[in-house]
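For reference, the structure discussed in these notes is given below.
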Amino acid sequence: MTDEAQQLRQTPLREQHLALGARLVGFGGWEMPLQYAGIIDEHHAVRRAAGLFDLSHMGEIWVTGSGAGEGLAAALVTDPPRLAIGRAHYSMIAAPDGGIIDDLIVYRLAEDRFLVVPNASNADRVAAELRPRLSGFDATMDDASAQTALIAIQGPLARGILAPLTDVDLEALKYYAIAQGEAAGVPVLVARTGYTGEDGFELFLAPEAAPGVWDRLLAAGAAQDLVPAGLGARDTLRLEAGMPLYGNELGPDTTPMEAGLDRLVKFDKAGDFVGRTALESAREAGPRKRLVGLGLRGRGIARHGYPVYLPGQEAPVGEVTSGTLSPTLGEAIAMAYVPVSAAPPGTMLEVGVRSTRVPADVVPLPFYKRGTAAHPSRPAPG
Amino acid sequence: MNVPEELRYTADHEWLRMESDEGTVGITAYAADELGDIVFVELPAAGSRLEAGTTFGAIESVKTASDLFAPVSGEILAVNEQLTGSPELINTDPYGEGWMLRVKLDDPSALEALEDAAAYRVRIGAA
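Line order of the protein sequences matches chains A and B. Residue numbers for the first sequence follow this note's numbering, so the first one is 1 and each next one is one higher. Residue numbers for the second sequence follow this note's numbering, so the first one is 1 and each next one is one higher.
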């Protein structure tokens, strides 16, 4: 791991992570904290109090100009010109064949100024795809990924911890909104977005300012059980919240409709967009598969890549995309692609776990809804 | 990292504690720490056979699943049933309450093929 780690990009918070005893791993080309005290403790902290995440690996691509909105509408499946200033939406960039290149968040900072946030592992690809797609518009693209740090504070106590440190009115800041201001004495963009299923905020800031803000937030939240949380907890949190991860639930062989994200694709928007023709055909033909939640009903944990079977059948009909033992629910949960006929909640399936088959039933997503973590012994979903 | 002197070790991070011709098997503190929070263990039944170098079960943390490899061959005398409900014992007490199997070795001299504590410390960079 050491040799490999030397070629990975490092975030401005590396010293903080090491001092906090983090285990660092390679992820999306970056050296990132997997965990500090432990994934389960960090997971519970975010559900019950708050967690602090270094997300500086994420990409930040600015698109500005009088044609920025129209350009993004042609480049993405969503319709960014519909965004009010200060608001954001979840989006995707599709390939001409309708496959997903990446999922992203688009923030509108001004009439002519948008911030696109792709996944770390896809940031270069997204920038390379956006450039030609924007070329016919009055729009300038600036990939600021290397000059931007990102810190997230997530959990029911996040607002109370951050509020005294910022001049941004957090109470007025809506979900999927963004505002410019200061935090811990430095300029930041504060967004009410996240990937945990909890209330929370994401702070975009200059890399050199990141260590100071990180330390101030940790100190300010110490009395309220704020803990640093790594990518391990981020993954279990997003899985419980039924949120897709690129490379697991989303990829070039999957359409947004198959992933259950039909609502993202704005077929009614003005003008063409990359992937429109293919996605219209796909919509007409109907999905080949559907993303579902699974609750395992026997001993075993489903993992990425494990086969899914119809009971009594020899050949697999689907595949697990993500799975873990849910720290909040105390049971094994998974997401999987299955045939449309096997997608209705209540359908009994089996997951191949090593040499055995574990019964699993299709359950509605998400597995976890905000505000229910105080009752970890509640009945299983579905 | 705790590497008890009196145990023998495999390259796959299992340990073996011998008492006459019976051995107890578990995974090392290093392995438990690398895995992180352990949430699931799959072990064979008492009375079944253990074959050196082959998988005898699986261990899962929140993040990942790993196979368990038999350090020696023999008959499984007992399985730690406590791990079914409390797999975290492997994190908290890997050489004690986190034990996995008791085995009657086919050939007690087979443990000579395993690493001693000094060699295992070198393996995990703890020497």
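Ideal placement from N, C-alpha and C gives every residue a C-beta, glycine not left out.
Between which two residues does the alpha helix (DSSP H) containing residue i stretch?
i, result
"aspartate 41 of chain A", "39-48"
"glycine 160 of chain A", "158-162"
"serine 66 of chain A", "From DSSP, serine 66 of chain A is part of no alpha helix (DSSP H); its letter is neither H nor E."
"phenylalanine 147 of chain A", "A small fix is needed here, since residue 147 of chain A is glutamine in this sequence, not phenylalanine. Taken as a continuous stretch (DSSP letters only), glutamine 147 of chain A belongs to no alpha helix (DSSP H), as it is neither H nor E."
"tyrosine 30 of chain B", "29-35"
"arginine 123 of chain B", "117-123"
"arginine 14 of chain A", "14-19"
"leucine 89 of chain B", "89-92"
"leucine 291 of chain A", "From DSSP, leucine 291 of chain A is part of no alpha helix (DSSP H) but of the beta strand (DSSP E) over 290-296."
"valine 213 of chain A", "210-221"
Using only the alpha-carbon positions, how far apart do residue i and residue j sit?
i, j, result
"glutamate 60 of chain A", "glutamate 319 of chain A", "32 Å"
"alanine 343 of chain A", "leucine 291 of chain A", "8 Å"
"valine 338 of chain A", "leucine 250 of chain A", "14 Å"
"aspartate 79 of chain A", "threonine 347 of chain A", "35 Å"
"aspartate 272 of chain A", "asparagine 119 of chain A", "25 Å"
"arginine 216 of chain A", "alanine 222 of chain A", "10 Å"
"glycine 160 of chain A", "leucine 226 of chain A", "11 Å"
"arginine 123 of chain B", "threonine 10 of chain B", "10 Å"
"tyrosine 36 of chain A", "glycine 21 of chain A", "6 Å"
"glycine 181 of chain A", "proline 187 of chain A", "6 Å"
"alanine 183 of chain A", "aspartate 167 of chain A", "7 Å"
"glycine 260 of chain A", "valine 190 of chain A", "29 Å"
"serine 355 of chain A", "phenylalanine 56 of chain B", "12 Å"
"arginine 125 of chain A", "glutamate 112 of chain B", "54 Å"
"arginine 8 of chain B", "glutamate 51 of chain B", "17 Å"
"valine 46 of chain A", "glycine 295 of chain A", "22 Å"
"arginine 121 of chain B", "leucine 16 of chain B", "15 Å"
"alanine 32 of chain B", "leucine 114 of chain B", "19 Å"
"valine 103 of chain B", "alanine 50 of chain A", "46 Å"
"alanine 308 of chain A", "glycine 194 of chain A", "Looking at the sequence provided, one finds valine at residue 308 of chain A rather than alanine. Between valine 308 of chain A and glycine 194 of chain A, the C-alpha separation is close to 30 Å."
"methionine 100 of chain B", "alanine 128 of chain A", "52 Å"
"leucine 165 of chain A", "glycine 185 of chain A", "8 Å"
"aspartate 143 of chain A", "arginine 131 of chain A", "10 Å"
"leucine 72 of chain A", "proline 364 of chain A", "32 Å"
How should residue i be labelled, buried or exposed, when 16 other C-beta atoms within 10 angstroms of its C-beta is the threshold for buried?
i, result
"isoleucine 85 of chain A", "exposed"
"arginine 263 of chain A", "exposed"
"aspartate 54 of chain A", "buried"
"glutamine 7 of chain A", "exposed"
"valine 340 of chain A", "exposed"
"methionine 1 of chain B", "exposed"
"phenylalanine 204 of chain A", "buried"
"proline 96 of chain A", "exposed"
"serine 109 of chain B", "exposed"
"aspartate 253 of chain A", "exposed"
With residue i as the anchor, note down where its beta strand (DSSP E) starts and where it stops.
i, result
"tryptophan 30 of chain A", "30-35"
"glycine 194 of chain A", "Element bounds for glycine 194 of chain A: n/a, residue is neither H nor E."
"serine 61 of chain B", "55-61"
What is the DSSP secondary structure of residue i, reduced to helix, strand or coil?
i, result
"glutamine 82 of chain B", "helix"
"valine 227 of chain A", "strand"
"alanine 285 of chain A", "helix"
"methionine 1 of chain A", "Bear in mind that a pLDDT of 44 at methionine 1 of chain A, under 50, signals an unreliable position, so the model cannot answer this."
"aspartate 67 of chain B", "strand"
"valine 168 of chain A", "coil"
"proline 187 of chain A", "strand"
"valine 72 of chain B", "coil"
"arginine 263 of chain A", "helix"
"leucine 250 of chain A", "strand"
"methionine 1 of chain B", "coil"
"alanine 233 of chain A", "helix"
Any alpha helix (DSSP H) of 4 or more consecutive residues that is wholly inside the segment 299-378 of chain A: none
Every unbroken alpha helix (DSSP H) within the segment 53-133 of chain A, with a cutoff of 4 residues, ordered by chain: 68-75
Selection of the segment 287-309 of chain A by Cβ proximity to chain C, strictly under 7 Å: No chain C is part of this structure, whose protein chains are labelled A and B.
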